[in-house]
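Colleague: Sending over a structure as structure tokens; questions will come in a sec.
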Amino acid sequence: MENTDEKKGNILLVDDLPNNLQLLSDLLINLGYTVRSVTSGKMALRTLQVKRPDLILLDIKMPDMDGYQVCEMIKKEEELQDIPIIFISALGDTFDKVKAFECGGVDYITKPFQIEEVVARIEGQFTIQRQRIALKREVRKRREAEEVLYQSRALLSSVLNSALDGIAAMQAVRNPQTGDIEDFRCLVINPILSKAFNRSREDLIGRVLLKRFLQRLDPQLFDQFVNLVETGTFLTQDIYFPIANSDWYHFVAVKLGDGFAVTVRDITDRKRMELELQAANQQLQLLANIDGLTHIANRRRFDEYLAQEWQRHCREQKPLSLILVDIDYFKAYNDLYGHQKGDDCLQKVANTLVDIAKRITDLVARYGGEEFVIVLPNTNRQDALAMAENMLQAIAALAIPHEGSSVSKYVTISIGVSSIIPMPEDTIERIISEADQALYSAKSQGRNRAIA
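Each residue of the sequence shown is one higher than the one before, counting from 1 in UniProt numbering.
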């Protein structure tokens, strides 16, 4: 972080939505930060050439280039690559967060955010930057690695032992013959972090024990720390390690001489909130795709799934089939037996259709009113028609009385089947239209039948 007189820190905001920029900019300025705002990735890259910020808050979804691309381009610039980038986005999937860290982000904030959380993340990165620069400054002052680490230990013991974060410095222990790193020796550790080892700070300093400890967390971590020392690439990660009432921790490790310094923060509360929010979002997503009466997929889910499968089958040139089902004389059924019985009938028909179209790739959805639709991936016309015939028989076997029907004294259905191999020049409306026309033919020919 540069030595400037610009209040608490210089922050660059990148978001294509002016309202988002204005809201966050005003909040941060009121808290004493110096803030610049741009509305695109290209503008951000130009701004960085003029004046280097201390930290970047970067949105992901932007029109000209997304946040991931912007981050990757910044990290390619030697003069800019150590600027901490915090992603701030409405994308909450684990995939999005992993991708953000893989392309060089140091943290990830999910919208909607709390300003207290944003400030805490920013201050955490500023603290890490100050610590990193202080450690590099000590490295420059000393030629010998032992002297550098000794000075770092003195600095950490006097300044950071009272910190709420866990802090430690480790030195590589190398094989005399090969020069390979075999373990790490603890040079400096504060009381917060020594609790993880279940030992006193005094007992840990000088000990060679990190490899065995890391194997309890994640066997791959040791190799990652070795790579950090050998390449100088900093390491940041969330880890699960239950201690007392805490479970989740976030650490940032940076190369220090022939070893590294690490800062560990308890993020249990934040992680629990993220997991709870993720579960709530998944539940909301589930509810948004389910028909409230029949508890099968609704029209929205059908539209999404058909579009997805249409594109896949167009690429793979495989047959995609669609079955459109209509309950015969359902209005007469409702008028005669009442809407409660009508709802019961819809539920029984829906459950029966699901029992027949039971492959994991099949989707049964309520299309509207008394109509249902079934998407059958990788299914030709003959197989789709055979399934339709099974559906006719299964509904008839329910023997639901229907005295208002002109076809049978029991509830029956009419079915239209379409099956095509999508071509690039086709539209998704084609398969729906063909199924609808087939259903119309089934009704015209007396109902209680399947037409393809």
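Glycine included, each C-beta is placed from N, C-alpha and C at the ideal position.
Under 8 Å by Cβ, that's how I've got Glu-389 and Ala-450 pegged, so tell me the actual separation to the nearest angstrom.
Modeller: For the purposes of this step, residue 389 is taken as residue 389 along the sequence shown, with counting starting at 1. For the purposes of this step, residue 450 is taken as residue 450 along the sequence shown, with counting starting at 1. Sure, about 6 Å apart at Cβ, within 8 Å.
Colleague: So the alpha helix (DSSP H) Asp-96 belongs to, where does it begin and stop?
Modeller: Position 96 of the sequence shown, counted from the first residue, corresponds to residue 96. It spans 94 to 102 - the alpha helix (DSSP H) in which Asp-96 sits, taken as one unbroken run.
Colleague: Does the segment 407 to 419 come into contact with the segment 433 to 444, if we say contact requires no fewer than three beta-carbon pairs (one atom in each stretch) closer than 8 Å?
Modeller: The segment 407 to 419 vs the segment 433 to 444: in contact.
Colleague: Taking C-beta to C-beta, are Ile-395 and Val-349 nearer than 9 Å?
Modeller: On the sequence shown, residue 395 is found 395 positions in, with the first residue counted as 1. On the sequence shown, residue 349 is found 349 positions in, with the first residue counted as 1. Result yes, Cβ atoms of Ile-395 and Val-349 sit closer than 9 Å.
Colleague: Between the alpha carbons of Leu-57 and Val-14, how many angstroms are there, rounded?
Modeller: Numbered from 1 along the sequence shown, position 57 holds the residue referred to as residue 57. Numbered from 1 along the sequence shown, position 14 holds the residue referred to as residue 14. Rounded to the nearest angstrom, the two C-alpha atoms are 6 Å apart.
Colleague: When DSSP builds the beta bridges, which residues end up paired with Met-170?
Modeller: If you number the sequence shown from 1, residue 170 lands on position 170. According to DSSP, Met-170 bridges with Cys-186 and Phe-260.
Colleague: For Tyr-240, which of helix, strand or coil comes out of DSSP?
Modeller: For the purposes of this step, residue 240 is taken as residue 240 along the sequence shown, with counting starting at 1. Three-state DSSP puts Tyr-240 in a strand.
Colleague: Round the Cβ separation of Asp-218 and Leu-293 to the nearest angstrom and send it over; I've been treating them as touching at under 8 Å.
Modeller: Taking the sequence shown and counting its residues from 1, one reaches residue 218 at position 218. Taking the sequence shown and counting its residues from 1, one reaches residue 293 at position 293. Not quite, the Cβ-Cβ distance comes to about 47 Å (not below 8 Å), so this is no contact.
Colleague: Is Cys-103 closer than 9 Å to Lys-61 when the C-beta atoms are compared?
Modeller: For the purposes of this step, residue 61 is taken as the residue at position 61 of the sequence shown. For the purposes of this step, residue 103 is taken as the residue at position 103 of the sequence shown. Not in contact: Lys-61 and Cys-103 (Cβ atoms no closer than 9 Å).
Colleague: Measuring alpha carbon to alpha carbon, tell me which residue in Asn-198, Gly-232, Ile-189 and Asn-227 is nearest Gln-81.
Modeller: Looking up residue 81 in the sequence shown gives position 81. That would be Gly-232, whose Cα lies nearest to the Cα of Gln-81.
Colleague: Between Asn-3 and His-250, what straight-line distance do the alpha-carbon atoms span, to the nearest angstrom?
Modeller: One-based indexing of the sequence shown puts residue 3 at position 3. One-based indexing of the sequence shown puts residue 250 at position 250. Residue placement at Asn-3 is flagged as unreliable, the pLDDT there being 46, under the threshold of 50; the coordinate-derived value follows with that caveat. Whole-angstrom Cα-Cα distance: 27 Å.
Colleague: Rounding to the nearest angstrom, what Cα-Cα distance links Asp-5 and Thr-34 in this structure?
Modeller: Here residue 5 refers to the residue found at position 5 when the sequence shown is read from its first residue. Here residue 34 refers to the residue found at position 34 when the sequence shown is read from its first residue. The pLDDT assigned to Asp-5 is 44, lower than 50, so where the model puts this residue is not dependable; a value taken from the coordinates is nonetheless given after this. Approximately 10 Å between the Cα atoms of the pair.
Colleague: Using alpha carbons as the reference points, say which of Glu-425, Leu-235, Glu-230 and Ile-267 lies closest to Phe-101.
Modeller: Taking the first residue of the sequence shown as position 1, residue 101 is located at position 101. The residue with the shortest Cα to Cα distance from Phe-101 is Leu-235.
Colleague: Determine the DSSP secondary structure at Asn-19, reduced to helix, strand or coil.
Modeller: Here residue 19 refers to the residue found at position 19 when the sequence shown is read from its first residue. Helix at Asn-19.
Colleague: Whole angstroms is fine: what's the gap from Glu-182's alpha carbon to Gln-285's?
Modeller: Numbered from 1 along the sequence shown, position 182 holds the residue referred to as residue 182. Numbered from 1 along the sequence shown, position 285 holds the residue referred to as residue 285. Looking at the two C-alpha atoms, the distance is approximately 48 Å.
Colleague: Secondary structure at Phe-251, three-state DSSP: helix, strand or coil?
Modeller: As a first step, residue 251 is located in the sequence shown; it is residue number 251 there, counting from the start. Reduced to three states, the DSSP call for Phe-251 is strand.
Colleague: Can you tell me whether Ile-421 is buried or exposed, with buried defined as 16 or more other CB within 10 angstroms of its CB?
Modeller: As a working note, residue 421 is residue 421 in the sequence shown. Under this definition Ile-421 is an exposed residue.
Colleague: Hey, Val-411 and Cys-345 are a contact pair by Cβ (cut 8 Å); roughly how many whole angstroms apart?
Modeller: Indexing the sequence shown from 1 puts residue 411 at position 411. Indexing the sequence shown from 1 puts residue 345 at position 345. That pair is a contact at about 6 Å.
Colleague: Let me check understanding here. Comparing Cα to Cα, which of Val-119, Asp-436 and Met-43 lies closest to Asp-326?
Modeller: On the sequence shown, position 326 is the one that residue 326 refers to. Selected option, being the one with the closest Cα: Asp-436.
Colleague: Out of Leu-228, Asn-298 and Leu-12, state which residue places its alpha-carbon closest to the alpha-carbon of Val-262.
Modeller: By one-based count along the sequence shown, residue 262 stands at place 262. Looking at the Cα atoms, Leu-228 is the closest of the given residues.
Colleague: Lys-409: beta carbon under 8 Å from a heavy atom of the ligand MN?
Modeller: For the ligand MN, the structure offers nothing, since it holds no ligand at all.
Colleague: Is the separation between the beta-carbon of Leu-363 and that of Val-375 shorter than 9 Å?
Modeller: Taking the sequence shown and counting its residues from 1, one reaches residue 363 at position 363. Taking the sequence shown and counting its residues from 1, one reaches residue 375 at position 375. Closer than 9 Å, so yes.
Colleague: For the alpha helix (DSSP H) that Gly-416 lies in, which residues bound it at each end?
Modeller: Counted from its first residue, the sequence shown places residue 416 at position 416. No alpha helix (DSSP H) contains Gly-416, which is instead part of the beta strand (DSSP E) from 413 to 420.
Colleague: Could you pull the start and end residues of the beta strand (DSSP E) that Phe-302 belongs to?
Modeller: Taking the first residue of the sequence shown as 1, we reach residue 302 at position 302. No beta strand (DSSP E) holds Phe-302; the alpha helix (DSSP H) holding it covers 299 to 316.
Colleague: Can you give me the Cβ contacts of Ala-399 inside the same chain, cut-off strictly under 6 Å, excluding the 5 residues immediately before and after it?
Modeller: Here the question's residue 399 lines up with position 399 in the sequence shown. Counting only Cβ-Cβ distances below 6 Å, and skipping sequence neighbours, we find Tyr-410.
Colleague: How would you call Lys-331, buried or exposed, if buried means at least 16 neighbouring beta carbons within 10 angstroms?
Modeller: As a first step, residue 331 must be located in the sequence shown, where it is residue number 331. Lys-331 comes out exposed.
Colleague: With a threshold of 8 Å, are at least 3 pairs of Cβ atoms found where one atom belongs to the segment 89 to 101 and the other to the segment 123 to 134?
Modeller: Taking 8 Å as the limit for Cβ pairs, the verdict is that the segment 123 to 134 does not touch the segment 89 to 101.
Colleague: Which class does Tyr-108 belong to by DSSP, given the choice of helix, strand or coil?
Modeller: As a first step, residue 108 is located in the sequence shown; it is residue number 108 there, counting from the start. Tyr-108: strand per DSSP, three-state reduction.
Colleague: Could you give the first and the last residue of the continuous beta strand (DSSP E) run that contains Leu-35?
Modeller: Along the sequence shown, read from residue 1 onward, the residue named residue 35 stands at position 35. Reading the sequence as shown, one finds Val at residue 35 and not Leu. Where Val-35 is concerned, the enclosing beta strand (DSSP E) stretches over 34 to 38.
Colleague: Can you tell me whether Val-208 is helix, strand or coil according to DSSP?
Modeller: Residue 208 sits at position 208 when you count from the first residue of the sequence shown. Correct three-state label for Val-208: strand.
Colleague: Give me the DSSP bridge partner(s) of Ile-451.
Modeller: Numbered from its first residue, the sequence shown carries residue 451 at position 451. Answer is Gly-416, bridged to Ile-451.
Colleague: For Tyr-329, name the three-state secondary structure that DSSP assigns.
Modeller: As a working note, residue 329 is residue 329 in the sequence shown. Residue state, collapsed to three classes: coil.
Colleague: State the DSSP-derived secondary structure class of Phe-126, mapped to helix, strand or coil.
Modeller: Here residue 126 refers to the residue found at position 126 when the sequence shown is read from its first residue. It is helical.
Colleague: How close, in whole Å, do the beta carbons of Val-373 and Leu-322 come, if the pair is a contact with beta carbons under 8 Å?
Modeller: The count along the sequence shown starts at 1 and reaches residue 373 at position 373. The count along the sequence shown starts at 1 and reaches residue 322 at position 322. Val-373 to Leu-322, Cβ: 7 Å. Contact.
Colleague: On the DSSP bridge assignment, give the partners of Gly-9 in chain order.
Modeller: Taking the first residue of the sequence shown as 1, we reach residue 9 at position 9. Its beta-bridge partners do not exist; DSSP assigns none.
Colleague: Which residue or residues does DSSP assign as beta-bridge partners of Tyr-410?
Modeller: Here the question's residue 410 lines up with position 410 in the sequence shown. According to DSSP, Tyr-410 bridges with Pro-401.
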